[in-house]
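Below is one structure, written out as structure tokens; comments come after it.
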Amino acid sequence: MTTEARYSLYHPKWYRHPVSVWWWLSSWRFTKFVLRELTSVPVAIFSLLTLWQVRSLANGPEAYARFEAWMSTPLAIALNLLIFVAVLFHAQTWFHLAPKAMEVRLSGKRVPDLLIIVSNYIGWLVVSAVVAWLWLGR
Amino acid sequence: MADTITVSVSRYRPEQESEPTFQDYDVPLRDDWAILDALNHIKDAVDGSLSYRWSCRMGVCGSCGMMVNGEPTLTCAAFLSKYAPGPVRVEPLRYFPIVRDLVVDITSFMTKLKKVKPWIVREDEKPLSEGEYRQSPDELDTYKRYSMCINCLLCYSACPVIGLEPSFIGPAATALAQRYNLDSRDQGAAERLSILSQDDGMWQCTFVGECSEVCPKDVDPAGAIQRYKLTGAANWFKTMLPWASK
Numbered sequence: 013m014t015t016e017a018r019y020s021l022y023h024p025k026w027y028r029h030p031v032s033v034w035w036w037l038s039s040w041r042f043t044k045f046v047l048r049e050l051t052s053v054p055v056a057i058f059s060l061l062t063l064w065q066v067r068s069l070a071n072g073p074e075a076y077a078r079f080e081a082w083m084s085t086p087l088a089i090a091l092n093l094l095i096f097v098a099v100l101f102h103a104q105t106w107f108h109l110a111p112k113a114m115e116v117r118l119s120g121k122r123v124p125d126l127l128i129i130v131s132n133y134i135g136w137l138v139v140s141a142v143v144a145w146l147w148l149g150r
Numbered sequence: 629m630a631d632t633i634t635v636s637v638s639r640y641r642p643e644q645e646s647e648p649t650f651q652d653y654d655v656p657l658r659d660d661w662a663i664l665d666a667l668n669h670i671k672d673a674v675d676g677s678l679s680y681r682w683s684c685r686m687g688v689c690g691s692c693g694m695m696v697n698g699e700p701t702l703t704c705a706a707f708l709s710k711y712a713p714g715p716v717r718v719e720p721l722r723y724f725p726i727v728r729d730l731v732v733d734i735t736s737f738m739t740k741l742k743k744v745k746p747w748i749v750r751e752d753e754k755p756l757s758e759g760e761y762r763q764s765p766d767e768l769d770t771y772k773r774y775s776m777c778i779n780c781l782l783c784y785s786a787c788p789v790i791g792l793e794p795s796f797i798g799p800a801a802t803a804l805a806q807r808y809n810l811d812s813r814d815q816g817a818a819e820r821l822s823i824l825s826q827d828d829g830m831w832q833c834t835f836v837g838e839c840s841e842v843c844p845k846d847v848d849p850a851g852a853i854q855r856y857k858l859t860g861a862a863n864w865f866k867t868m869l870p871w872a873s874k
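Taken in sequence, the protein lines are chains A and B. When the first sequence is numbered by this note's numbering, its final residue is 150 and no position is left out of the sequence of numbers. When the second sequence is numbered by this note's numbering, its final residue is 874 and no position is left out of the sequence of numbers.
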């Protein structure tokens, strides 16, 4: 041991690793988590777009035509594509996390995780089918 | 297969260096050796100055958790051959202050654990003459998973929230709170909920889910926290109802 000890016997000199701001790039699982959290931004943008759509609808045919014209610009299409991908990713990741947040018990036995995930997907398909039927059946 | 493997061990000797450095050791690559056996070999035959914690060698005591190639790992339960041809990087558990080499200070966890009252809380004790508190297999099954925790702290090293917000009560402490909440003999759920609903409690969790991935006992702390959030939210909602007792 050197005599230049910078610690005293009863107070060990602890070392703390600093946490980098780029910690979420250190593993794909962390990156995926941050991406999942970031999908909330496109979801929020989509909500704003929907509010704008409802407002345009309330303001009459001219306002709605302006809304539709903007929605068919390349920028709006690109934005909607981004939102679509983000929402798919968001839904998929949360469906797979759902069994962790809810423990369903039927007659004392735990319902298997896979069943909860699959029922989420089935619910999604049913809602999508109803929306598609309403839209295409016009 | 090569007959040796390089183990790159993080060394921190506060009297010599101001930050951790790596030291490489070549150890025999034996099929029946875990990382912990390699460390024991180094300590016994190569370099007696290496410091690390271990005890049972069979995944029960929870002392030998370390970062192996950057992953929180129970070193007695990870075979060396899995990391061949190497090198294997062994570091102390992440986010804890390093005392020396692979030894970390876990005081923060001990304080958090005590906060959640991880014991059976009774408001009314039965007299001894009435016998024991009986429990059915189904009642045992509701909390058994959480009772498997060995306090190895791998979940704390897996949790980025712990790194960013060291005061967060963390995965194992919440899972252990849940272990007692779900116990049919316990009456302390309300007390624990008020502790875990505070700023440093369960709401700090952003559901990264890594704690459950690294858990060697399949405790699923991430699940425990999310379910606890559900309980907390439901309880808050009940207090908001007009006929709720304030």
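For every residue, glycine included, the Cβ atom is placed at its ideal position computed from N, Cα and C.
Query, Result
"Cα-Cα separation, ALA110/A to GLY837/B", "12 Å"
"Proximal residues of chain A, C-beta to C-beta of PHE835/B below 7 Å", "LEU109"
"Per-residue burial, VAL130/A [other beta carbons within 10 Å of its own, 16 or more giving buried]", "exposed"
"CB of PRO849/B within 8 Å of CB of PRO799/B, strictly", "yes"
"Cβ neighbour criterion (16 or more within 10 Å) applied to PRO648/B", "buried"
"Supposed contact pair GLN832/B and PHE796/B - C-beta distance, whole angstroms, cut 8 Å", "4 Å"
"Straight-line Cα distance separating GLU758/B from SER691/B", "39 Å"
"Range of the contiguous alpha helix (DSSP H) that encloses ARG67/A", "52–70"
"Nearest-angstrom Cβ-Cβ length linking PRO713/B and ILE778/B, presumed shorter than 8 Å", "Incorrect: roughly 31 Å between the Cβ atoms, too far for contact."
"Coil, strand or helix - THR15/A by DSSP", "Its pLDDT being 44, under 50, THR15/A is placed unreliably in this model, and the value from its coordinates should be taken loosely. THR15/A: coil per DSSP, three-state reduction."
"Min CB distance VAL716/B to chain A below 8 Å", "no"
"Paired residues, beta bridge with PRO86/A - DSSP", "In DSSP, PRO86/A forms no bridge with anything."
"Beta carbon proximity, TYR808/B to chain A, threshold 8 Å", "no"
"LEU804/B - containing alpha helix (DSSP H), residue span", "799–809"
"Proximity below 8 Å, CB of VAL732/B to CB of PRO725/B", "yes"
"Assigned exposure category for GLY135/A - 16 Cβ within 10 Å defines buried", "exposed"
"Terminal residues of the alpha helix (DSSP H) in which TYR856/B lies", "849–868"
"Three CB pairs or more closer than 8 Å across the segment 96–105 of chain A and the segment 52–60 of chain A", "yes"
"Whole alpha helix (DSSP H) elements within the segment 739–792 of chain B, 4-residue minimum", "765–772, 782–786, 788–792"
"Residues near THR15/A by beta carbon distance below 7 Å, same chain, minus five either side", "Low confidence applies to THR15/A: its pLDDT is 44, below 50, so where it sits in the model is not reliable, and the reading given next is rough at best. None."
"Cβ pair MET695/B, ARG722/B closer than 8 Å", "yes"
"Residues in the segment 25–51 of chain A having any Cβ partner in chain B nearer than 8 Å", "LYS25, TRP26, TYR27, ARG28, HIS29, VAL31, TRP35, TRP36, SER38, SER39, ARG41, PHE42, PHE45, GLU49"
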